[in-house]
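Here the protein sequences line up with chains A and B, keeping their order.
Residue numbers for the first sequence follow UniProt numbering, beginning at 1 and rising by one.
Residue numbers for the second sequence follow UniProt numbering, beginning at 1 and rising by one.
Just below is one structure, and these are the notes that go with it.
Number of protein chains: 2
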Amino acid sequence: MWRSVIGSAKALSNCSCQNHWNVLLLRPLASSPSRFLSSTSVLESPPPPPSSMPPVSLDNINPKVLKCEYAVRGEIVTLAQALQEELKSKPGSHPFDEILYCNIGNPQSLGQQPITFFREVLALCDHPSILDRSETQGLFSADAIERAWQILDQIPGRATGAYSHSQGIKGLRDTIAAGIEARDGFPADPNDIFLTDGASPAVHMMMQLLMRSEKDGILCPIPQYPLYSASIALHGGALVPYYLDEATGWGLEVSELKKQLADAKSKGITPRALVVINPGNPTGQVLAEDNQRGIVEFCKQEGLVLLADEVYQENVYVPEKEFHSFKKVARSMGYGEKDISLVSFQSVSKGYYGECGKRGGYMGGTGVGPGIREQIYKVASVNLCSNISGQILASLVMSPPKVGDESYESYSAEKDGILSSLARRAKTLEVAFNNLEGVTCNKAEGAMYLFPCIRLPEKAIKTAEAAKTAPDNFYCRRLLNATGIVFVPGSGFGQLPGTWHFRCTILPQEDKIPAVVSRLTEFHKSFMDEFRD
Amino acid sequence: MWRSVIGSAKALSNCSCQNHWNVLLLRPLASSPSRFLSSTSVLESPPPPPSSMPPVSLDNINPKVLKCEYAVRGEIVTLAQALQEELKSKPGSHPFDEILYCNIGNPQSLGQQPITFFREVLALCDHPSILDRSETQGLFSADAIERAWQILDQIPGRATGAYSHSQGIKGLRDTIAAGIEARDGFPADPNDIFLTDGASPAVHMMMQLLMRSEKDGILCPIPQYPLYSASIALHGGALVPYYLDEATGWGLEVSELKKQLADAKSKGITPRALVVINPGNPTGQVLAEDNQRGIVEFCKQEGLVLLADEVYQENVYVPEKEFHSFKKVARSMGYGEKDISLVSFQSVSKGYYGECGKRGGYMGGTGVGPGIREQIYKVASVNLCSNISGQILASLVMSPPKVGDESYESYSAEKDGILSSLARRAKTLEVAFNNLEGVTCNKAEGAMYLFPCIRLPEKAIKTAEAAKTAPDNFYCRRLLNATGIVFVPGSGFGQLPGTWHFRCTILPQEDKIPAVVSRLTEFHKSFMDEFRD
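Pasting the structure below:
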């Protein structure tokens with residue numbers, strides 16, 4: 001048994017740190033070469049472990065692992081899981097009868113149904129020997145059967161159980177490249193695409209490639225999706241924060257990028273890349289094309305790789321905004337291969353499909369230097385390949401049924417139903433948050449989250465401090481214990497010092513939204529009554 | 001486009017290094033703290049990149065990535081893929097009409113058929129809405145339908161498209177734990193199991209956890225599966241080699257472990273763990289239980305984590321040997337949780353199922369120190385979870401159909417057919433290798449490989465050296481160009497200096513084996529005729 005200390009101070013105090021990104025940024029700056037040396041010296045002559053001590057302990061593991069944090073599945077979620085178990089073993093033991101998980105972009109866990117066509121194709125590729133059976137015609141749509149044949153013909157030996165090329169099956173990459181071309185109106189090369197188990201491993205690969213030491217920095221938005229801070233911590237680099245402007249709907253100002261870049265350089269950090277999440281996570285903004293041009297120009301001028309997290313490209317809810325890929329923007333500015341280094345991340349977990357459990361995704365890179373693709377290929381090949389169902393699904397989301405296909409109407413109805421419902425839920429929750437005392441909430445133009453700002457009373461802040469936890473964590477824990485609603489405290493994403501937020505997904509099914517709103521509203525009122533200054 | 005230099009000296013010279021593991025071991029020893037410091041200083045004031053230089057180049061990426069090598073998909077395989085393309089575009093352009101991939105344990109790529117029951121269950125879980133349809137009864141076996149229902153009931157909301165618990169779906173871990181208990185006769189705890197996308201990410205997680213710097217060492221067999229050397233390089237630790245004894249059928253001697261451990265310690269390396277691959281890859285030996293006891297005792301005495309690669313546990317071909325898990329061996333010695341730290345790796349890619357493309361697997365850890373599971377959980381949670389189809393398959397291989405189930409007979413026939421054929425192929429190839437001039441080959445008692453030793457003539461070695469490549473690489477490249485057969489040179493796995501080997505899988509379908517043998521035999525004779533001393 002892994003000897004467990006669930007609930008120990010060490011394990012659960014991770015999220016009470018207010019400013020992880022500052023910790024990440026400042027640690028390398030504070031550690032002088034001589035300090036690094038002395039820690040190496042310590043490692044040179046370790047004391048022999050006493051026989052009762054296990055070979056692995058919190059005192060002797062990789063400090064980068066200890067430093068890494070991931071609040072989306074952090075303390076609050078662990079507590080929620082424990083409460084859920086208690087509700088099961090002792091019904092009525094809490095003032096609510098179910099946990100409402102609003103912590104993570106995991107739509108199908110909350111009842112969203114998969115797109116039928118996609119699942120038909122996956123099932124047929126999993127068990128191709130039924131493709132020729134007559135019963136199959138009655139069970140599956142004709143275009144799903146046809147698509148399954150097409151895909152199988154793209155796989156050497158039709159072997160869906162074989163390791164593929166380490167970049168992913170070539171025919172599927174062809175399909176994805178065609179989808180990117182259709183989306184952007186510019187050529188896309190299948191050899192630039194690496195299929196991955198969701199977007200996360202792709203982000204890790206790029207971080208691992210780019211960062212040589214704690215002196216190499218990655219510019220990241222604050223608030224950010226904590227995959228980035230976690231990956232930077234695990235790979236031993238420096239997170240260089242740039243702040244999104246809440247007052248202008250989480251605006252991304254190039255002047256802020258320039259300021260933070262200069263600041264990092266003055267501290268001896270070599271900036272290697274800029275992360276942009278568009279549509280934003282946790283902030284929900286959709287960048288205007290003009291803004292994107294400024295960002296592209298900045299990366300070009302500063303010699304930064306632009307790491308574009310575009311996993312929410314299908315999740316745009318407002319008519320005045322539209323998703324534009326950074327590649328399209330760069331090409332429309334006349335910048336080609338040699339002008340700008342750009343890597344885009346996409347995932348099957350988001351969009352209207354929300355197929356999180358399938359772990360499909362890809363990264364597409366353009367304008368990266370000579371030999372770099374071979375290095376990424378090598379690292380990818382150590383893990384052999386990403387899962388084939390995920391690869392197939394990544395090709396399907398980039399080439400869904402078209403007008404005239406048998407499945408087109410039902411596919412469109414499913415897609416539109418999900419997206420329009422998400423838009424309604426985003427609006428309802430935004431209004432509800434703005435109706436709470438001391439809470440302001442920007443619109444979710446896209447993605448799957450709202451990130452409201454809460455002005456906590458001084459008394460609540462002091463009570464949280466006395467309990468050795470961050471005030472936003474304190475609020476979220478109280479909310480969970482009172483209502484069963486799971487939010488993630490803003491401190492897990494980063495926020496301007498002295499401000500407090502939380503992230504709430506827009507994913508509970510529509511029939512649950514009134515319950516979320518009323519429970520939250522009631523809780524918030526009693527919280528404020530208890531702590532109001 | 002990732003600017004490509006396929007075929008450049010830099011990209012293709014990776015495998016010509018004879019002793020990667022020595023490079024890995026010796027580099028940290030050679031780099032004094034002051035040398036490390038000076039390289040840090042270089043990073044502090046990098047020259048600004050000229051505007052024509054891309055932000056990422058081979059000169060400025062993470063040197064750990066550059067150092068990492070993975071021969072199983074290295075130079076020879078890249079060449080084979082190029083030849084395959086040429087055969088397609090210009091039939092008749094080479095003295096063979098197909099590439100025979102013997103480089104990688106990828107059975108289904110060579111025509112092995114998946115186990116029907118497993119695929120039925122996967123397809124039904126991918127598209128559960130057909131479970132209630134009458135046509136489904138005609139297409140799928142009754143026990144597959146029943147099993148799919150059971151599995152769906154173990155998944156919260158029956159949502160196979162949702163992220164699961166970061167360790168994997170609890171019900172599937174229960175099934176796996178029960179399978180381990182049935183196999184070993186000792187209790188297994190589902191909370192000790194982490195489901196992963198194949199075994200590789202699990203190995204990476206442990207390496208990342210254990211290694212703090214290049215002064216932390218991992219004892220690895222030589223020859224080894226290059227995942228280990230690659231992972232150690234990527235995570236910046238030291239590979240401490242121990243040599244398997246070819247003369248005794250790749251015997252693993254505890255005296256050799258002790259000698260190498262003392263040697264590493266004398267060089268300032270802190271050994272953290274011992275990797276044992278059983279059955280062996282690339283060497284095919286199956287450890288005797290008595291030998292395993294000695295290894296367990298050694299790890300206990302030396303405070304090492306035992307990392308047991310047990311992915312070939314179902315692949316044993318000789319009646320005199322049997323697989324015993326290291327956990328079973330430790331428990332049968334009376335060692336419990338507090339006595340020994342042990343992590344076992346298992347995969348759905350191997351065994352008789354060979355479902356490489358599904359990327360399923362798990363690691364089970366026992367006796368690891370307080371709070372460590374929480375650290376691993378945290379790192380796993382950054383990637384959210386492994387793919388659900390792979391998770392389901394991992395549970396299926398640990399709980400296949402039983403006597404009395406509708407599928408039992410066909411399942412057994414498929415399984416026995418594959419395993420007995422593998423045993424025949426292993427024997428045929430072993431005999432064929434031993435019939436070649438200057439070649440000796442140990443028996444493949446298990447796993448999927450033979451690793452014959454070839455005494456190359458001096459003239460061949462000199463010719464290889466003149467061509468700036470390792471002699472075994474030279475042989476394998478010649479073989480590929482003449483016959484289309486793809487072996488991996490022994491230098492990718494490690495071998496005693498001055499000896500030469502290659503790894504050959506036993507996976508070509510039986511009807512192809514005569515062609516492999518005759519082409520190889522003919523090539524080898526002409527090679528020896530050309531170079532014989």
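Note that the Cβ used here is the ideal one computed from N, Cα and C, for glycine as well.
Computed from a predicted structure; not experimentally measured.
query	result
Assuming Gly-354(B) and Gln-108(B) form a contact by the criterion Cβ under 8 Å, report the distance between their Cβ atoms to the nearest whole angstrom.	6 Å
Can you pull the chain A residues whose beta carbon is under 7 Å from the beta carbon of Gly-157(B), in chain order?	Ser-109, Gly-111
Who are the neighbours of Asn-315(B) on chain A, taking C-beta pairs under 8 Å?	By Cβ distance, chain A contributes nothing, its closest Cβ being about 16 Å from Asn-315(B), past 8 Å.
Assign Gln-346(A) to one of three DSSP states: helix, strand, or coil.	strand
From this set, Glu-120(A), Glu-530(A), Asp-59(A), Lys-67(A), which residue's C-alpha is nearest Lys-378(B)'s C-alpha?	Lys-67(A)
So with CB distances below 9 Å, who are the chain A contacts of Arg-519(B)?	In chain order: nothing, as chain A lies at least about 20 Å away.
Any beta carbon of chain B sitting closer than 9 Å to that of Ser-16(A)?	Unreliable positioning characterises Ser-16(A) in this predicted model, as indicated by a pLDDT of 36, which lies under 50. A coordinate reading is not provided.
Return the chain-ordered list of same chain residues with a C-beta closer than 8 Å to the C-beta of Leu-210(B), the five sequence neighbours on each side being excluded.	Asp-216, Ile-218, Gly-237, Arg-272, Ala-273, Val-305
In chain B, which residues lie less than 9 Å from Ser-231(A) when you measure between Cβ atoms?	Val-382
Could you name the residues of the same chain whose beta carbon sits closer than 6 Å to that of Tyr-352(A), not counting the 5 residues immediately before and after it, in chain order?	Glu-314, Lys-415, Ile-418, Leu-419
Can you tell me where the beta strand (DSSP E) holding Met-206(A) begins and where it ends?	Element bounds for Met-206(A): not the beta strand (DSSP E) but the alpha helix (DSSP H), 200–210.
Taking only beta carbons into account, state which residues of the segment 278–311 of chain A come closer than 7 Å to chain B, listed in chain order.	Gly-303, Leu-304, Val-305
Can you list, in chain order, the residues of its chain whose CB lies under 6 Å from that of Ser-164(B), leaving out five sequence neighbours each side?	Cys-385
Within the continuous beta strand (DSSP E) that includes Met-363(B), where are the two ends?	361–366
Pull out every residue of the segment 349–377 of chain A whose Cβ sits closer than 9 Å to any Cβ of chain B, in chain order.	Ser-349, Tyr-353, Gly-354, Glu-355, Cys-356, Gly-357, Lys-358, Arg-359, Gly-360, Gly-365, Thr-366, Gly-367, Val-368, Gly-369, Pro-370, Gly-371, Ile-372, Arg-373, Glu-374, Gln-375, Ile-376, Tyr-377
If you reduce the DSSP assignment to three classes, tell me which class Arg-133(B) lands in.	coil
Pop quiz: Arg-455(A) and Thr-483(A) are said to be a contact at Cβ under 8 Å. What is the actual Cβ separation, rounded to whole angstroms?	In fact, because the Cβ distance is near 20 Å, the residues do not count as touching under 8 Å.
Leaving out the 5 sequence neighbours to the left and right, which residues in its chain are closer than 6 Å to Val-439(A) when beta-carbon positions are compared?	Phe-433, Pro-452, Ile-454
Considering only C-alpha positions, which residue in the set Gln-260(A), Thr-270(A), Glu-256(A) is nearest to Ser-213(A)?	Thr-270(A)
Should Lys-327(A) be counted as a contact of the ligand GTP given a C-beta to heavy atom distance under 8 Å?	As far as ligands go, the structure on display features none, and thus does not contain the ligand GTP.
Could you check whether Ala-148(B) and Leu-110(B) sit closer than 9 Å to each other, using their CB atoms as the reference points?	no
Which ranges would you report for the alpha helix (DSSP H) in the segment 147–199 of chain A if only whole runs of at least 4 residues count?	170–184
Assuming contact is defined by CB atoms lying nearer than 9 Å, are Val-254(A) and Glu-289(A) in contact in what I supplied?	no
Using beta carbons (cut-off 9 Å, strictly below), is Ile-222(A) in contact with chain B?	no
Quick test of the definition: if touching needs 3 or more C-beta pairs under 8 Å, does the segment 67–81 of chain A touch the segment 222–237 of chain A?	yes
Given that Asp-197(B) touches chain A, what residues does it touch there, using C-beta distances under 8 Å?	Asp-197, Arg-359, Asn-383, Ser-386, Asn-387
Which term fits Glu-44(B), buried or exposed, when burial requires 16 or more other beta carbons within 10 angstroms of its beta carbon?	Only weak support is given to the placement of Glu-44(B): the predicted model assigns it a pLDDT of 41, under 50, and the question is left unresolved by the model.
Excluding five sequence neighbours on each side, which residues of the same chain lie with their C-beta closer than 6 Å to the C-beta of Tyr-312(B)?	Pro-279, Lys-350, Gly-446, Ala-447
Quick one: does Met-211(B) have its CB under 9 Å from some CB of chain A?	yes
Specify the secondary structure class of Gly-390(B) as computed by DSSP and reduced to three states.	helix
Going along the chain, which unbroken runs of the alpha helix (DSSP H) with 4 or more residues stay wholly within the segment 57–122 of chain B?	63–67, 75–89
If you draw a straight line from the alpha carbon of Glu-85(A) to that of Val-276(A), how long is it in whole angstroms?	38 Å
Going by Cα to Cα distance, which pick from Cys-102(B), Ala-178(B), Leu-152(B), Arg-425(B) is closest to Val-397(B)?	Ala-178(B)
Where does Arg-532(B) land, buried or exposed, given buried means 16+ other C-beta within 10 angstroms?	exposed
Okay, do the segment 490–510 of chain B and the segment 422–429 of chain B touch, 3+ Cβ pairs below 8 Å being the bar?	yes
In terms of residues, what are the limits of the beta strand (DSSP E) holding Gly-217(A)?	216–222
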